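Residue numbers (this note's numbering): 27 to 170.
Right, here's the structure in full:
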């Protein structure tokens with residue numbers, strides 16, 4: 027049995043392009059070039075039947091290492107806590123006050139982009155600090 031080498035993270039959302047562009051800013055991801063034959067993503071989008079326009083959007087790691095992220099429009103809004111969430115690893119290897127300051131600086135960068143600071147979990151005897159946040163449509167993620 028062979029192992030899976032690549033995977034995609036898919037978000038259900040109301041506004042795929044808006045949410046994708048938010049995550050591009052968070053992760054340093056990029057929007058790939060539009061399909062061949064189209065100068066822009068808007069040109070491609072307008073070529074689709076009306077019911078498929080604005081139905082999905084993609085961003086990817088420019089280095090090709092991280093997973094592709096796909097954002098798909100769904101009719102229902104978010105109702106409950108995510109069963110899976112992303113941990114944005116900005117504090118890896120840092121401890122104590124240095125880690126907390128790094129997490130807080132990243133939080134301060136993301137809030138003007140539309141992220142919401144939910145709570146800060148301070149270090150204890152077992153865990154280092156992390157910050158729980160929500161993206162622009164309320165999906166939870168952690169700065170870790």
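Even glycine gets a Cβ: it sits at the ideal position worked out from N, Cα and C. From a predicted model like this one, the values you see are computed outputs, not experimental measurements.
Could you compute how far the alpha carbon of residue i sits from the alpha carbon of residue j?
{"i": "residue 119", "j": "residue 42", "result": "33 Å"}
{"i": "residue 133", "j": "residue 79", "result": "33 Å"}
{"i": "residue 140", "j": "residue 151", "result": "33 Å"}
{"i": "residue 48", "j": "residue 125", "result": "24 Å"}
{"i": "residue 81", "j": "residue 163", "result": "16 Å"}
Secondary structure at residue i, three-state DSSP: helix, strand or coil?
{"i": "residue 128", "result": "helix"}
{"i": "residue 64", "result": "coil"}
{"i": "residue 114", "result": "strand"}
{"i": "residue 166", "result": "strand"}
{"i": "residue 52", "result": "helix"}
{"i": "residue 82", "result": "strand"}
Which whole-angstrom value describes the C-beta separation of residue i and residue j, a residue pair presumed to lie in contact below a C-beta threshold of 8 Å?
{"i": "residue 167", "j": "residue 114", "result": "6 Å"}
What residue does the beta strand (DSSP E) around residue i start on, and which one ends it?
{"i": "residue 145", "result": "142 to 147"}
{"i": "residue 37", "result": "34 to 39"}
{"i": "residue 94", "result": "94 to 99"}
Original post:
With contact counted as at least three CB pairs below 8 Å, one residue from each stretch, are the stretch 45 to 61 and the stretch 73 to 87 in contact?
Top reply: Yes: at least three Cβ pairs fall under 8 Å.
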